[in-house]
Amino acid sequence: MAAKRTIRTIPAERTPVREQPADERIGGFEEVSLGYDEAEAAREAQRCLFCADTPCMTGCPVSVDIPGFIRKVSDQDYRGAYDTIARTNLLPAVCGRVCPQESQCEAVCTVGATLEPVAIGRLERFVGDLAIANDWARRPFIAPTPYRVGVIGSGPAGMACAADLAKAGCDVTVFDALHLPGGVLRYGIPDFRLPSEVIDAEVANLERLGVRFECNTVVGRLFTIEQMIEEMGYDAVFIGTGAGYPTMLGIPGDSLGGVLSANELLTRANLMKARDFPMYDTPIPLGTHVAVVGAGNTAMDAMRVCLRLGAETVQCIYRRSAAEAPARAEELHHAEQEGVEFHWLTNPIEVLDDGQGNVSGLRCQRMELGEPDESGRRRPVPVPRSEFVMRCDQVVFAIGTNANPIIGQTSKLRLDKRGYLRVDEDLATSMAGVFAGGDIVTGAATVIEAMGAGRKAAAGILRYLGIRDESLAYDALGEPVFGIAPHEHSYVRLRAAEPETSPTHRTAVTAR
Amino acid sequence: MQSSSDDLRSTSTTPAPRAGVTGFPIVARHDVSDATFILEVDHPLMARAARAGQFVIVMSHPEGERIPLTIADFDRKRGTVTLVVQAVGKTTREMQRTCQVGTTLHGVAGPLGLPSPLGKARTVVCVGGGLGVAPVYPQARAHKERGATVIGVLGFRSAELVFWEDKFREVCDELILCTDDGSAGIHGLVTDGLELAMERYPDVGEVVAIGPPVMMQACAEATRPKGVHTVVSLNPIMVDGTGMCGGCRVRVGERVQFACVDGPDFDGHQVDFADLRARLTRYRGEEAQALAHWEHACRRAENAASDTLVSELPTPAGA
Numbered sequence: 016m017a018a019k020r021t022i023r024t025i026p027a028e029r030t031p032v033r034e035q036p037a038d039e040r041i042g043g044f045e046e047v048s049l050g051y052d053e054a055e056a057a058r059e060a061q062r063c064l065f066c067a068d069t070p071c072m073t074g075c076p077v078s079v080d081i082p083g084f085i086r087k088v089s090d091q092d093y094r095g096a097y098d099t100i101a102r103t104n105l106l107p108a109v110c111g112r113v114c115p116q117e118s119q120c121e122a123v124c125t126v127g128a129t130l131e132p133v134a135i136g137r138l139e140r141f142v143g144d145l146a147i148a149n150d151w152a153r154r155p156f157i158a159p160t161p162y163r164v165g166v167i168g169s170g171p172a173g174m175a176c177a178a179d180l181a182k183a184g185c186d187v188t189v190f191d192a193l194h195l196p197g198g199v200l201r202y203g204i205p206d207f208r209l210p211s212e213v214i215d216a217e218v219a220n221l222e223r224l225g226v227r228f229e230c231n232t233v234v235g236r237l238f239t240i241e242q243m244i245e246e247m248g249y250d251a252v253f254i255g256t257g258a259g260y261p262t263m264l265g266i267p268g269d270s271l272g273g274v275l276s277a278n279e280l281l282t283r284a285n286l287m288k289a290r291d292f293p294m295y296d297t298p299i300p301l302g303t304h305v306a307v308v309g310a311g312n313t314a315m316d317a318m319r320v321c322l323r324l325g326a327e328t329v330q331c332i333y334r335r336s337a338a339e340a341p342a343r344a345e346e347l348h349h350a351e352q353e354g355v356e357f358h359w360l361t362n363p364i365e366v367l368d369d370g371q372g373n374v375s376g377l378r379c380q381r382m383e384l385g386e387p388d389e390s391g392r393r394r395p396v397p398v399p400r401s402e403f404v405m406r407c408d409q410v411v412f413a414i415g416t417n418a419n420p421i422i423g424q425t426s427k428l429r430l431d432k433r434g435y436l437r438v439d440e441d442l443a444t445s446m447a448g449v450f451a452g453g454d455i456v457t458g459a460a461t462v463i464e465a466m467g468a469g470r471k472a473a474a475g476i477l478r479y480l481g482i483r484d485e486s487l488a489y490d491a492l493g494e495p496v497f498g499i500a501p502h503e504h505s506y507v508r509l510r511a512a513e514p515e516t517s518p519t520h521r522t523a524v525t526a527r
Numbered sequence: 008m009q010s011s012s013d014d015l016r017s018t019s020t021t022p023a024p025r026a027g028v029t030g031f032p033i034v035a036r037h038d039v040s041d042a043t044f045i046l047e048v049d050h051p052l053m054a055r056a057a058r059a060g061q062f063v064i065v066m067s068h069p070e071g072e073r074i075p076l077t078i079a080d081f082d083r084k085r086g087t088v089t090l091v092v093q094a095v096g097k098t099t100r101e102m103q104r105t106c107q108v109g110t111t112l113h114g115v116a117g118p119l120g121l122p123s124p125l126g127k128a129r130t131v132v133c134v135g136g137g138l139g140v141a142p143v144y145p146q147a148r149a150h151k152e153r154g155a156t157v158i159g160v161l162g163f164r165s166a167e168l169v170f171w172e173d174k175f176r177e178v179c180d181e182l183i184l185c186t187d188d189g190s191a192g193i194h195g196l197v198t199d200g201l202e203l204a205m206e207r208y209p210d211v212g213e214v215v216a217i218g219p220p221v222m223m224q225a226c227a228e229a230t231r232p233k234g235v236h237t238v239v240s241l242n243p244i245m246v247d248g249t250g251m252c253g254g255c256r257v258r259v260g261e262r263v264q265f266a267c268v269d270g271p272d273f274d275g276h277q278v279d280f281a282d283l284r285a286r287l288t289r290y291r292g293e294e295a296q297a298l299a300h301w302e303h304a305c306r307r308a309e310n311a312a313s314d315t316l317v318s319e320l321p322t323p324a325g326a
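Going line by line, the protein sequences match chains R and B. First residue of the first sequence: 16, per my numbering; consecutive thereafter. First residue of the second sequence: 8, per my numbering; consecutive thereafter.
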């Protein structure tokens, strides 16, 4: 092994990632960031100091063994790097792209105290993409258990929960209300940030673990959670239905033509492929001058979609300053590069009517920052006599979301005042065997936090079902045993290859 | 209980999600006019779960759009739900062509929305006009089943377009047909029928009106002076149908509500119909574009087919 790395010996500069030029990319939905190649990944991996106290792991909501996988990247053992990540995070290709690393692992990176932090997210994506290209999804031997678990919602929380349950031998079915699995990864995050092939690959990985996906299934309405437990033979249920109910602007004119939620815009563009209208049937409203209210990741996505659909100007309106914007730093940067105009400390107060029921402009007022509010951020207060009108023909609002109401309407589960599910520290709800996690418990958060909650709930479900935690046994397989590499003895296939053994429910769900 | 438990376990929950060959089979079709057709779709679990007033989101093919359709009937024994489609835009006109018995729908999600709150009124008038005739049927049946006196008021353009008259007579104590030309029932609009019903039954405690927005608004105005509670079923533009996009937001009284999860039934005296109508016309340009694109593609396909036929004709001797 080479001499010990120090802050003086490692490459000082963070390895830049190649990107599609802004003027080219806004013509389409190709992914913006091209990711590292092998040489770039090797160079960036050189920058990790392999700190003994691993601050980066504590910064990660699911405690990925970051120095461990980077060491394997340095050693060019990419398969080993993938196995290291996959022990705690099944979706590295997704998380490498969409996690806010600058506020998690990279925020606490030791190198970051002196230089720019190690580009952990880009390295993770490099490994995740290699895993997809080479089909490395971990397929450990799984001893089947007699338990059936239903997972409601196929977003990040549901997928992570399903993966852990399937690996522990449960018979897992994931239900989704939409016609394709993936949840917010599919309907919310655009292809130029997270290509749908990546979601397809991660879904296929889960299917290889024996997980079944049932789309077009609105749990609560088609059957209830009570029915799943009492009549349909599910031993436990995980609820990961998210917080997708958009918050309205609540200002005069907010139901005019041309005013829509970022959720609607993104769902039309991403899930329904309205960007290819009329090849696909779903239309999308095309604004020439678009104003987007909000500065989170959803707002950034909405703005960049509008630019790609042909908007001439896209303006971002946010009542606080750039420092408080909740979006990932990289998203803000990309939006700026692509030509979004930012109006910080600006608050919309009225959508103006062109006389025919459509938007002609947005009346705004300037804000300034006052005392900190309960979120710890300085509260914006209006500047007197600062009103002005911004010309626009479309207003998109991305100012937050609320709990989806369907589960609350159709079950007796205890909710809090805002409609989120009440859970204990194991993420168990008020009904025995029913667990919940992700945005439906915490309110809108990040993909990785939802995945962390899904995994935590899976652990709770396994304890509830009395299934032994075998992760210790699996971890031992991370290193060669008796000189045999782990993938040679642990990648035995199980359920998918077996003949159908319990026709009552197995054929039931696949009959059509 | 044993049988019902077996029933749920052995009922197909949904088709396999992404395989191209699967879907929801259409088991019967009935064309009631040159534009309106009724589809019966095999979906046993949905038939079990559906209640009066709910709707489904249908996607006819993988490149299609998601459209809301009210559940017009459900048959728990046959395991089917019935949908009524009016061929007005690209998607519905395409469905009129392609949705035949033996074919499948790509996606059917539901039953969505809150079931109609049936109330306790002793006498109920169920008004259906145009596309609303079929969806008002399960409401009439549900009110009958709970023991109310039910008066049906149905509007059609003329006698030959009347459908489901027998079905309604089975669940209604009195049925008033209204036609634009007087060829069946009374000569007039459904509001005339509603006025007549309220004259004959002074104790009417609830009116359910389903149809085009302008008709529902007229019914709500007809009952407002008498203060009779009037329920209308709204069908605005939706994408997901599960409370996610906010496209179906409607103004009801002072509040903004989502038709998909807070409705689709609302108090007709509170609904802002002008706002509803304006929002329904949002995509008129795009709808026309989609229709033109589709019709062009159809013509091309037909021309190509006839070209093939011509080329397959035997070459005339001596040519």
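For glycine and all other residues, C-beta sits at the position ideal for the given N, C-alpha and C. All values reported here derive from a predicted model rather than from experimental measurement.
7 Å Cβ shell around residue i - same chain, five flanking residues per side excluded
i: Cys-75(R); result: Ile-81, Gln-119 and Cys-120
i: Ala-35(B); result: Glu-47 and Val-108
i: Trp-171(B); result: Val-140, Ala-141 and Tyr-144
i: Gly-143(R); result: Pro-107, Ala-108 and Gly-111
i: Ala-147(B); result: Cys-133, Val-157, Gly-159, Phe-175, Val-178 and Cys-179
i: Ser-401(R); result: Gln-380 and Arg-381
Among the options, the one whose alpha carbon lies nearest that of residue i
i: Val-47(R); options: Leu-271(R), Val-355(R), Arg-319(R) and Thr-262(R); result: Arg-319(R)
i: Gln-61(B); options: His-68(B), Leu-46(B), Leu-121(B) and Val-115(B); result: Leu-121(B)
i: Gly-268(R); options: Arg-394(R), Leu-367(R) and Met-72(R); result: Leu-367(R)
i: Phe-377(R); options: Arg-58(R), Thr-160(R), Val-79(R) and Pro-363(R); result: Checking the sequence, you will find Leu at residue 377(R) rather than Phe. Considering only alpha carbons, the answer is Pro-363(R).
i: Thr-21(R); options: Arg-62(R), Ile-240(R) and Ala-183(R); result: Arg-62(R)
i: Val-79(B); options: Gln-103(B), Phe-31(B) and Gly-137(B); result: The amino acid at residue 79(B) is misidentified as Val; the sequence shows Ala. Taking only the C-alpha atoms, the option nearest Ala-79(B) is Gly-137(B).
i: Arg-55(B); options: Asp-90(R), Arg-236(R), Asp-38(R) and Cys-124(R); result: Arg-236(R)
i: Ser-169(R); options: Thr-160(R), Tyr-162(R) and Leu-193(R); result: Leu-193(R)
i: Thr-230(B); options: Tyr-208(B), His-276(B) and Val-257(B); result: His-276(B)
i: Glu-9(R); options: Ile-463(R), Ala-460(R) and Val-449(R); result: Past the boundaries of the shown model lies residue 9(R); chain R is included only from 16 to 527, so the question cannot be answered.
i: Phe-357(R); options: Gly-391(R), Gly-370(R), Pro-395(R) and Val-307(R); result: Val-307(R)
i: Glu-279(R); options: Ala-219(R), Ala-413(R) and Glu-386(R); result: Ala-413(R)
i: Arg-323(R); options: Glu-45(R), Pro-26(R) and Ala-67(R); result: Glu-45(R)
Residue i and residue j closer than 8 Å at C-beta
i: Phe-81(B); j: Ala-57(B); result: yes
i: Ala-342(R); j: Ala-317(R); result: no
i: Val-164(R); j: Glu-229(R); result: no
i: Leu-168(B); j: Val-39(B); result: yes
i: Arg-140(R); j: Ala-108(R); result: yes
i: Ile-422(R); j: Leu-180(R); result: no
i: Ala-5(R); j: Tyr-435(R); result: A query on residue 5(R) cannot be resolved here, the shown segment of chain R reaching from 16 to 527 and no further.
i: Arg-29(R); j: Glu-131(R); result: yes
i: Met-66(B); j: Gly-117(B); result: no
i: Thr-2(B); j: Ala-216(B); result: Residue 2(B) falls outside the range modelled here, since chain B spans only 8 to 326, and no answer is possible.
i: Leu-145(R); j: Tyr-202(R); result: no
Residues that residue i bridges to, as DSSP identifies them
i: Met-66(B); result: Gly-114(B)
i: Gln-91(R); result: DSSP output for Gln-91(R) lists no bridge partner at all.
i: Pro-261(R); result: Thr-416(R)
Residues near residue i by beta carbon distance below 6 Å, same chain, minus five either side
i: Ile-499(R); result: Any answer about Ile-499(R) is weak, because its pLDDT of 49 lies below 50 and its placement is not dependable; what the coordinates show is given next. Taken in chain order, the list of residues that qualify is empty.
i: Ser-445(R); result: Leu-428 and Arg-429
i: Leu-487(R); result: Only weak support exists for where Leu-487(R) lies, its pLDDT of 42 falling under 50; the value from the coordinates is given anyway. Cβ neighbours of Leu-487(R) beyond the five flanking positions: none.
i: Asp-490(R); result: With a pLDDT of 46 at Asp-490(R), under the threshold of 50, the predicted position of this residue should be treated as unreliable, though the coordinate-derived value follows. There are no such residues.
i: Ser-123(B); result: Ala-59, Gly-60, Gln-146 and Asp-272
Same chain, Cβ closer than 8 Å to residue i, five either side skipped, listed in chain order
i: Val-305(R); result: Met-318, Cys-321, Ala-326, Thr-328, Val-329, Gln-330, Cys-407, Asp-408, Gln-409, Val-410 and Val-411
i: Arg-602(R); result: Only positions 16 to 527 of chain R appear in this structure, which leaves residue 602(R) out of reach.
Length-filtered (3 minimum) beta strand (DSSP E) runs lying within the region 344-384 of chain R: 356-358 and 361-368
task: Mind checking the region 75-89 of chain B against chain A and listing, in chain order, the residues whose C-beta falls within less than 7 Å of any C-beta there?
output: You won't find chain A in this structure, because its protein chains are R and B.
query: In chain order, which alpha helix (DSSP H) runs of at least 4 residues are fully inside the region 372-454 of chain R?
result: Taking 4 residues as the shortest admissible run, the region 372-454 of chain R contains the following complete alpha helix (DSSP H) segments, listed from N- to C-terminal end: 421-425.
message: Quick check on the DSSP output: what are the complete alpha helix (DSSP H) runs of length 4 or more inside the region 131-178 of chain R, in order along the chain?
response: 135-149
query: Hey, which unbroken runs of the beta strand (DSSP E) at 3 residues or more fall wholly within the region 249-275 of chain B?
result: 256-259, 262-265 and 272-274
field: Any beta strand (DSSP E) of 3 or more consecutive residues that is wholly inside the region 121-189 of chain B
entry: 130-136, 156-163 and 181-186
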